[in-house]
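Be aware that the sequence shown starts at 1, since it is given in UniProt numbering, and climbs by one per residue.
The beta carbon of each residue, even a glycine, is placed where N, CA and C say it ideally should be.
From a predicted model like this one, the values you see are computed outputs, not experimental measurements.
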Amino acid sequence: AQGSINLRYICLVRRHRWTEREGKRVITYTMRVADSDSNKRSRLAEADEVQWITEGGAQLTIAEVDGRTVDVVYDHWGGCESELHAQYLFVQWAHYALRWEQMVLPSNLLPAEGAI
């Protein structure tokens with residue numbers, strides 16, 4: 001559509017697995033928005049409707065606790081253009097975390113209506 005902004009970014013992704021000294025397994029997925037001097041120079045020649053995202057990322061770590069349990073830690077970061085943009089991203093990220101929790105939480109942990 002005419003007048004719309006096209007967002008672009010370069011993203012690096014890494015998966016890292018290791019075993020801690022106690023034998024517990026850990027896996028980390030990291031996504032990081034990258035920038036370079038070459039990319040900075042090319043942005044100067046871009047059309048006005050192109051906007052580059054140059055900072056941000058996310059990391060998910062899953063660590064084995066015992067044979068039936070894992071710890072999950074999710075972190076994210078990003079640059080915001082304004083307070084309103086920061087509030088919007090906060091709500092979006094909270095929504096993502098809630099959806100992820102709903103996907104992994106067994107539904108049988110929630111009592112059915114009238115079951116109590």
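Report all residues from its chain with a CB closer than 6 Å to the CB of residue i; omit the five preceding and five following residues, and keep chain order.
i, result
"Glu64", "Lys24, Arg25 and Val70"
"Asp75", "Gln59"
"His16", "Thr28"
"Asp35", "Thr54"
Among the residues of its own chain, which have a CB less than 7 Å from the CB of residue i, if the five just before and after it don't count?
i, result
"Gly56", "Val33, Trp77, Gly78 and Gly79"
"residue 126", "An answer regarding residue 126 cannot be provided, because it is not within the stretch 1 to 116 covered by the chain."
"Lys40", "none"
Does any heavy atom of the ligand SAM sit closer than 8 Å to the C-beta of residue i?
i, result
"Arg14", "Annotation note on the ligand SAM: not contained in the displayed structure, which lists no ligands."
Take residue i and list the residues in its own chain whose beta-carbon comes closer than 8 Å to its own, dropping the five residues that flank it on each side.
i, result
"Ala97", "Tyr74"
Practice task
Taking 8 Å as the threshold, find out whether the stretch 5-18 comes into contact with the stretch 44-61 through three or more Cβ pairs.
Solution key: Yes, they touch.
Practice task
May I have a chain-ordered list of the beta strand (DSSP E) segments no shorter than 3 residues that lie completely inside the stretch 37-99?
Solution key: Counting only runs of 3 or more residues that sit fully inside the stretch 37-99, the beta strand (DSSP E) segments are 50-52, 56-64 and 70-78, in chain order.
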